[in-house]
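Quick notes on the structure that follows.
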Amino acid sequence: MVCCRTWLWCCIFVLGIRGACAAPGDEIVFALDKFVNQAVTSSIPGASLAVLVNGEIRLLRGYGVTKVGGAKKIDSATVFPLASISKTFASAATALLVDRGLIEWDTHVIPYLEDVKFSDPDLGKVVTLRNVLSHTTGLVPQAYSDLLENDVSYQRILSILNRVKFVCDPGECYGYQNIVYNLSADMISLASGMEYSQFVTEHIFIPLHMHSATFGLERFLNADDRVVPHVRTKSGYAAVKPAPYYYGVPAAAGVNASAQDLAQWMLAQFGQYPEVLSEDNLTLLHKPLIRANQYRYRAKLSNVYYGLGWRTFDYQGITGFVHHGGWVKGIRTEMVFNPITQTGMVFLTNCETDVAREVVLEFLDLYKQYIDPGVSGGEVATSGN
């Protein structure tokens, strides 16, 4: 079933049946529902989907099972590790602290974090929080992510961060990071006077009614309604234990949440929770800052940039798309939307699959077909126009 926010128009209908309550944009809703349902029926263990059109939640649904061979069904409240979609919360948390005058976007990492050292002291003293959140520190991309995956602790990796070389001056090139991105969590904790996870929970999750959103492996394992990750084998998909390592960098990949939670997060990106994220802050977070050519969708997209915790791009002449995906062993996550028309999609799946990439492209094709980017206010184009 579909249920929209109570103060918006709400239409409840049986999925797959176009009844009297059909509304503009249902073409996108039905097509994405069909696409994901077919993928789960034919190839993947399970998934969860949220679709928003014109600022309204139009679809929340789960598909398949939480574990291959099991009977427990996935629904829209089922919790998934978000992996790198977690990065979007760090930039938002920073915006909240900037508004309170507790930190600045261009606060320098050194000496703010006393224990951090860089290989080139002159370049290192230039690195700012803005650089960290936009992947423009100038350091070798993915610095020491391999050590994290080999169970080396975050604190131990920080102690050898000064071995990582600069490949450009800070602010001059894009280099995706996980360890380095988590410096934002350390700075947010220092500025707020509380643990990073606590600050995000109290100032983002709770006011946005993200009831299932948590941090960390323990909270994920203790969730009553959660998925089991799966990897591909010769005979299909096999369940595996949740990977613990990226939970060690909570700003980069520490959040667990459901499709319901991320639908609320998307509404916040649309400006519907100005008490949490103001219009000015959203404009800043979604603003293209650095060209990001290392992107798996780049062959289909143009003007691909990274902002503050978000990727941005154009698609076949349509501007303004905002996106982030995530991958961790046995899990894929995607969130894409256009704030101009307040239309977007969340896709979460409990396996490693190309379906995650394909559903994003399917959404973009449907958007191009049914959303009229020239209509003021982001209205949905009528079918056949």
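According to the working numbering, the sequence shown is numbered sequentially starting from 1. Virtual Cβ for every residue (Gly too), placed ideally from N, Cα, C.
Query	Result
What would DSSP say about His286, mapped onto helix, strand or coil?	coil
Quick one: what's got a C-beta closer than 6 Å to Pro207's C-beta in the same chain, skipping five residues either side?	Val276
What separation, rounded to the nearest whole angstrom, lies between the Cα atoms of Ala143 and Ile179?	7 Å
Quick one: which unbroken beta strand (DSSP E) runs of 3-plus residues sit fully inside the stretch 27-73? Chain order, please.	46-53, 56-64
Relative to the C-alpha of Ser43, which candidate in Leu32, Trp105, Arg232 has its C-alpha closest?	Arg232
Out of Gln272, Ser278, Tyr247, His209, state which residue places its alpha-carbon closest to the alpha-carbon of Ala259.	His209
In terms of alpha-carbon separation, which member of Asp106, Asn222, Gly216 lies closest to Pro170?	Asp106
Using beta-carbon positions only, say whether Gln177 and Pro229 come within less than 8 Å of one another.	no
What did DSSP end up calling Glu352 once you bin it into helix, strand or coil?	coil
Measure how close the beta-carbons of Val36 and Val359 come, nearest whole angstrom, since I'm counting them as under 8 Å.	6 Å
Let me know if Pro121 comes out buried or exposed under the rule of 16 or more other beta-carbons within 10 Å of its beta-carbon.	exposed
Is it buried or exposed, Leu364, if we count other Cβ atoms within 10 angstroms and call 16 or more buried?	buried
Measuring straight from C-alpha to C-alpha, what distance separates Trp327 and Glu104?	30 Å
Is Leu308 closer than 8 Å to Ser134 when the C-beta atoms are compared?	yes
Would a C-beta distance cut-off of 8 Å place Gly325 and Ile340 closer than the cut-off?	no
Quick check: Leu284 and Ser192, are their CB atoms within less than 8 Å of each other?	no
Which residues in the same chain as Tyr392 place their Cβ atom closer than 8 Å to its Cβ, once the five residues preceding and following it in sequence are excluded?	This structure cannot speak to residue 392, because the chain is shown only from 1 to 385.
With 16 as the cutoff for other CB atoms within 10 Å, does Ala71 come out buried or exposed?	exposed
Residues bridged to Ser119 by DSSP?	In the DSSP output, where bridge partners are listed per residue, Ser119 has none listed.
With distances taken from CA atoms, which of Ser197, Ala39, Ser278 is nearest Phe347?	Ala39
Below 7 Å CB to CB, which residues in the same chain sit around Asp115 once its five sequence neighbours on both sides are set aside?	Leu158
Out of Val79, Gly55, Glu218, Lys67, point me to the one whose CA is closest to Arg390's CA.	Summary: the structure shown does not reach residue 390, with the chain confined to residues 1 through 385, and so no result is reported for it.
Does DSSP classify Cys11 as helix, strand or coil?	Residue placement at Cys11 is flagged as unreliable, the pLDDT there being 41, under the threshold of 50; the coordinate-derived value follows with that caveat. DSSP places Cys11 in coil when its eight states are reduced to three.
Roughly how many angstroms separate the alpha carbons of Gly46 and Leu366, rounded to a whole number?	22 Å
Helix, strand or coil for Pro81? Go by DSSP, reduced to three states.	strand
Just the Cα atoms here: how many angstroms apart are Ile28 and Gln369?	9 Å
Taking only three categories from DSSP, how would you classify Phe215?	strand
Quick one: what's got a C-beta closer than 7 Å to Glu149's C-beta in the same chain, skipping five residues either side?	Tyr245
Could you name the residues of the same chain whose beta carbon sits closer than 8 Å to that of Glu195, not counting the 5 residues immediately before and after it, in chain order?	Ser189
With a threshold of 7 Å on Cβ separation, who are the neighbours of Val240 within its own chain once the five nearest residues in sequence on each side are excluded?	Pro229, His230, Val231, Lys329, Gly330
Can you name, in chain order, every residue of its own chain whose Cβ lies under 6 Å from the Cβ of Ala95, other than the five neighbours on each side?	Asn281
Sort Thr201, Asp151, Leu221 by Cα distance to Trp265 and report the nearest one.	Thr201
Taking a contact to mean a Cβ-Cβ separation below 8 Å, would you say Thr137 touches His108 in this structure?	no
Only counting the same chain, and skipping five residues up and downstream in sequence, which positions put a Cβ closer than 6 Å to that of Lys125?	Ile110
According to the Cβ coordinates, are Leu32 and Val51 closer than 8 Å?	yes
Let's see if you can read the secondary structure: which residues bound the beta strand (DSSP E) around Val255?	255-257
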